[in-house]
Amino acid sequence: AQSVTQLDSHVSVSEGTPVLLRCNYSSSYSPSLFWYVQHPNKGLQLLLKYTSAATLVKGINGFEAEFKKSETSFHLTKPSAHMSDAAEYFCVVSFTGGGNKLTFGTGTQLKVEL
Amino acid sequence: EAQVTQNPRYLITVTGKKLTVTCSQNMNHEYMSWYRQDPGLGLRQIYYSMNVEVTDKGDVPEGYKVSRKEKRNFPLILESPSPNQTSLYFCASSLSGAGGNYGYTFGSGTRLTVV
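Protein sequences appear in the order of chains A and B.
First residue of the first sequence? That's 1 in the numbering used here, and the numbers climb one at a time after it.
First residue of the second sequence? That's 1 in the numbering used here, and the numbers climb one at a time after it.
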């Protein structure tokens, strides 16, 4: 069975400081990993995905994530937060042969303060 | 524009009154799925479809039905809605059943309230 744990339900940062959103996964097979962002009253938008190519994945809006197999982690980072980054972020896992099923983490609410 | 379109965006209904939430995609995607989002639980899969006439249960299928008669449409049917089905619903589609190597496109969501 596969699962995803987002270690922080809420993260608060000041504008211009780094962002770190933590995600650990469990999967019996080689996983595909995603980060999605959901702005208030909006649908989910794909930020980036890892599918067994380079372990450091760059996404949109300056976000990136590093796949660390030994730590079963896929943390999302950004060097400098912007007010527009305030949103809820979901770490998601799926694996080949899993019927295309996505398993979502419970989400991390990112707050960006002036 | 490539997109997944859900209707309605908001719906308030009464217990037991059958309703349908429509989902349509214009990307010729094979795979479609329905999720519900509840606070503190993330998104949970209700049903999914790998192709036309092929549907299967997700994690929380009770109280829901789906059909996939055409590739582009994947309606979600609540035959007898109950208050515990009050939630935010998302439809998603993906190019194929390749285990998630492709990105998923989500609709804008349907906020359902059952009173």
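Backbone N, C-alpha and C fix where the C-beta goes; we use that ideal spot for every residue, glycine too.
Asked: Buried versus exposed call for V93(A) [16 or more other C-beta atoms within 10 Å across all chains shown]; Found: buried
Asked: Chain C contact for F104(A) (CB, 8 Å cutoff); Found: The structure shown contains no chain C; its protein chains are A and B.
Asked: Own chain residues within Cβ distance below 6 Å of P18(A), not counting five before or after; Found: P79
Asked: Cross-chain neighbours of G43(A) in chain B, by beta carbon under 7 Å; Found: F90, F106, G107, S108 and G109
Asked: According to DSSP, residues forming a beta bridge with Y50(A); Found: L33(A)
Asked: Extent of the continuous beta strand (DSSP E) run through D38(B); Found: Y31 to D38
Asked: Classification of R68(B) by the beta-carbon crowding that lies within 10 angstroms, buried from 16 upward; Found: buried
Asked: Inter-residue Cα distance where the pair is L78(B) and Q37(B); Found: 16 Å
Asked: The segment 76-92 of chain B / the segment 13-32 of chain B touching (three or more Cβ pairs under 8 Å); Found: yes
Asked: Inter-residue CB distance, H82(A) and V112(A) (contact presumed, cutoff 8 Å); Found: 7 Å
Asked: Cross-chain neighbours of G63(B) in chain A, by beta carbon under 8 Å; Found: Those do not exist, as G63(B) stays about 20 Å from chain A at its closest Cβ, beyond 8 Å.
Asked: Within 9 Å of chain A by C-beta, residues of the segment 41-66 of chain B in sequence order; Found: L41, G42, L43, R44, Q45, Y48, M50, D56, G58 and D59
Asked: Buried versus exposed call for Y29(A) [16 or more other C-beta atoms within 10 Å across all chains shown]; Found: exposed
Asked: Residues in the segment 9-39 of chain B having any Cβ partner in chain A nearer than 7 Å; Found: Y31
Asked: Supposed close pair Y47(B), G40(B) - CB separation, criterion 8 Å; Found: Not confirmed; about 22 Å, so no contact.
Asked: Residue-chain proximity (K101(A), chain B), Cβ-Cβ < 8 Å; Found: yes
Asked: Spatially closest choice to T20(B) from G109(B), S93(B), P61(B) and K65(B), by CA coordinates; Found: K65(B)
Asked: Inter-stretch contact (C-beta, 8 Å, three-pair minimum) for the segment 8-16 of chain A and the segment 54-70 of chain A; Found: no
Asked: Option in L43(B), E1(B) and V52(B) with minimal Cα separation from P75(B); Found: V52(B)
Asked: Cβ of K49(A) within 8 Å of any chain B Cβ; Found: yes
Asked: Proximal chain B residues relative to L110(A), where beta-carbon distance stays under 7 Å; Found: What L110(A) touches in chain B: nothing, since even the nearest Cβ is about 15 Å away.
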